[in-house]
Structures are given as structure tokens and as C-alpha cells.
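Under the numbering used here, residues 7 to 198 are what the sequence shown spells out, in order.
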Amino acid sequence: MDGRVASAGASWYGTNLGSRVGGNPSLLNSHQPKHIQYVRCTIVLLFKATNTVNPKYTPESFNEFGKPYLPGHLGIVITEVAEGRVCAELPVQPHLLAPNGYLHAGSVVTLADTAAGYACIAHLPEGAHSFTTIELKSNHLGTARQGTIAVVATAAHLGRTTHVWDATVTDKDSGKTIALFRCTQMILYPKA
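Next up, the structure:
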């Protein structure tokens with residue numbers, strides 16, 4: 007399926023005994039035909055959008071793509087592009103620190119947002135050409151002064167009009183969580 011909603015109608019006869027028997031289960035088998043009514047049920051089946059990873063996007067292609075832009079300038083390296091996820095790393099360098107000597111929150115958010123953005127590009131639905139971030143949130147739980155921080159961005163929702171990506175930023179060596187991040191992107195299509 008391609009993300010469209012499919013529905014099927016099903017009808018049956020059922021017994022409406024709620025008011026007559028007060029919900030007493032022992033009376034549900036009693037024969038009271040005058041209380042039978044027609045019931046119609048519509049079954050709605052939702053199918054997951056098929057936004058699978060586009061094989062043309064690889065860590066190498068994203069690293070080359072980001073080289074002249076902020077991800078390349080900061081030193082972000084994409085390490086994995088897979089179904090429903092993108093991983094990246096960022097070596098902690100002095101220019102990524104705040105004046106207090108700790109990793110700047112903007113550096114952490116940039117790493118997470120880059121992974122989520124590249125993941126969105128790699129999973130765009132058919133016919134879409136780009137995206138724009140419409141909301142992002144981060145919870146900063148720790149910091150780093152040296153070493154490398156890593157991120158894993160995973161799909162929470164891959165729709166035709168929006169994507170939601172969750173990203174966890176960790177200290178690569180210790181595994182300690184640095185930040186939790188959620189990003190919502192609006193999918194863009196060519197104008198008709």
C-alpha cells in the first residue's frame with residue numbers, strides 16, 4: 007500500500023439489550039426478538055506509508071553533501087544510513103564549546119538536527135522533493151568536554167505530509183546520554 011486509507015463496510019444484526027436487561031450477562035441469551043436492531047460497522051484499516059530508505063543516500067554521499075555547509079564546518083560525520091535510522095558523530099573540539107568550557111547546546115542540537123534532517127531526506131515519500139523543519143525540542147541531560155558525541159536518529163512517524171524523528175545523543179566512549187531530541191518536518195512537494 008502507499009499510505010492511503012482503505013475502508014471496508016461490514017453489516018450484521020446484533021441485540022441491543024442494554025436498557026432492557028441492565029447489562030446483565032445472564033440475560034444476553036434470552037430470546038427477545040422485539041429488541042433486535044440493525045447495526046452497521048465500518049472497519050477502517052490504516053496502512054503504514056511506504057517511505058523506505060532511498061539507496062542513493064549513503065554516509066559518503068551525505069558527508070560530501072554537507073561538506074560546504076554547517077555540518078561539514080562543525081565536523082559532523084554521518085556513519086550509517088539504514089531503514090528508519092541515521093547515525094552520526096561529532097568530535098568535541100574547542101570551537102564547539104560554550105565559554106564555560108562545556109559542550110554548547112547548539113552543537114548538540116546541530117548534530118541531532120542534522121541526523122534527523124538527513125534521515126528525512128533519505129526517507130522522502132514518492133513525489134516529494136524536500137522538507138522543512140516545523141518543530142524541534144531537546145532535553146539536555148549531560149555534557150562533554152572531550153571525546154566524541156554520537157547520535158542515532160530513528161523514525162517515530164513517516165507520513166506523506168510530515169515526518170517525526172527521535173534522536174538520542176550520547177558520549178561515544180561512555181554511552182552516557184547527553185540529550186534527547188524530537189524533530190517534526192513538513193514534507194515539500196513541487197508546486198503544480
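Think of the CB as a built atom: it goes at the ideal place given N, C-alpha and C, for glycine as much as any other residue. Keep in mind it's a predicted model, so treat the numbers as computed, not measured.
**Report entry** Contacts around A125, its chain only, beta-carbon distance under 6 Å, and the 5 residues preceding and following it disregarded
**Finding:** Sequence index remark: in the sequence shown, residue 125 carries index 119 (1-based). Result list for A125: V92, A159, W171, in chain order.
**Report entry** Those residues which DSSP pairs with E89 across a bridge
**Finding:** Indexing the sequence shown from 1 puts residue 89 at position 83. For E89, which the question treats as bridged, DSSP gives no partner whatsoever.
Requested in this report: In angstroms with no decimal places, state the Cα-to-Cα distance between T149 and F68.
Outcome: Residue mapping note: residue 149 aligns to position 143 of the sequence shown, counting from 1. Residue mapping note: residue 68 aligns to position 62 of the sequence shown, counting from 1. Whole-angstrom Cα-Cα distance: 26 Å.
Query - Close Cβ partners of P105 (< 8 Å) along its chain, the five nearest in sequence each way excluded - result: Reading the sequence shown from its first residue, position 99 is the one you call residue 105. For P105, where only same-chain residues beyond five positions count, there are no Cβ hits under 8 Å.
Query raised in the report: Along the chain, where does the alpha helix (DSSP H) that runs through D3 open and close?
Result: Shown here, the chain extends from 7 to 198; a query on residue 3 therefore has no answer.
Requested in this report: Let me know if S113 comes out buried or exposed under the rule of 16 or more other beta-carbons within 10 Å of its beta-carbon.
Outcome: Residue numbering aside, residue 113 sits at position 107 when the sequence shown is read from its first letter. Buried, by the Cβ-count rule.
Query raised in the report: In this structure, does DSSP put H163 in helix, strand or coil?
Result: Walking along the sequence shown from the start, residue 163 turns up at place 157. H163: strand per DSSP, three-state reduction.
Query raised in the report: Which whole-angstrom value describes the C-beta separation of N145 and A185, a residue pair presumed to lie in contact below a C-beta threshold of 8 Å?
Result: Here residue 145 refers to the residue found at position 139 when the sequence shown is read from its first residue. Here residue 185 refers to the residue found at position 179 when the sequence shown is read from its first residue. Between A185 and N145 the Cβ distance is about 6 Å, and since that is below 8 Å, they are a contact.
Query - Neighbourhood of T64 by C-beta, 7 Å cutoff - its chain only, sequence neighbours within 5 removed - result: By 1-based counting over the sequence shown, the position of residue 64 is 58. Excluding positions up to five away in sequence, the list reads V87.
Query raised in the report: Short check: CB of L194 to CB of F137, under 7 Å?
Result: Taking the first residue of the sequence shown as 1, we reach residue 194 at position 188. Taking the first residue of the sequence shown as 1, we reach residue 137 at position 131. Their beta carbons are under 7 Å apart, which means L194 touches F137 by this criterion.
Requested in this report: Could you check which residue in L96, V59, E89, T58 has the C-alpha nearest to that of L76?
Outcome: By one-based count along the sequence shown, residue 76 stands at place 70. When only C-alpha atoms are compared, the closest one is L96.
**Report entry** Member of L102, H101, T139, N60 whose CA lies at the smallest distance from the CA of L167
**Finding:** Along the sequence shown, one-based indexing puts residue 167 at 161. Leu is not the amino acid found at residue 167; the sequence shown has Thr there. Among L102, H101, T139, N60, the Cα nearest to that of T167 is on T139.
**Report entry** Closest Cα partner of K197 within the set S180, H163, G181, H135
**Finding:** One-based indexing of the sequence shown puts residue 197 at position 191. Measuring from the Cα of K197, the nearest candidate turns out to be H135.
Query raised in the report: Can you name the residues that DSSP bridges to R188?
Result: The residue given as residue 188 occupies position 182 in the sequence shown. Answer is K143, D172, bridged to R188.
Query raised in the report: G123: which of P61, G72, T183 sits nearest, CA to CA?
Result: Here residue 123 is taken as the residue at index 117 of the sequence shown, counted from 1. Of the candidates P61, G72, T183, the one whose C-alpha sits nearest the C-alpha of G123 is G72.
Query raised in the report: Would DSSP call L80 helix, strand or coil?
Result: Counting from 1 along the sequence shown, the entry for residue 80 is found at position 74. Helix, per DSSP.
Report task. Closer than 6 Å by C-beta to V157: which residues in its own chain qualify, once you throw out the five before and the five after it? Chain order, please. Result -> Here residue 157 refers to the residue found at position 151 of the sequence shown. The answer, listed in chain order, is A94, L117, A118, A121, A173, V175.
Query raised in the report: By the 10 Å Cβ neighbour count, where 16 or more other Cβ atoms means buried, how is N60 classified, buried or exposed?
Result: By 1-based counting over the sequence shown, the position of residue 60 is 54. Flag for N60 reads exposed.
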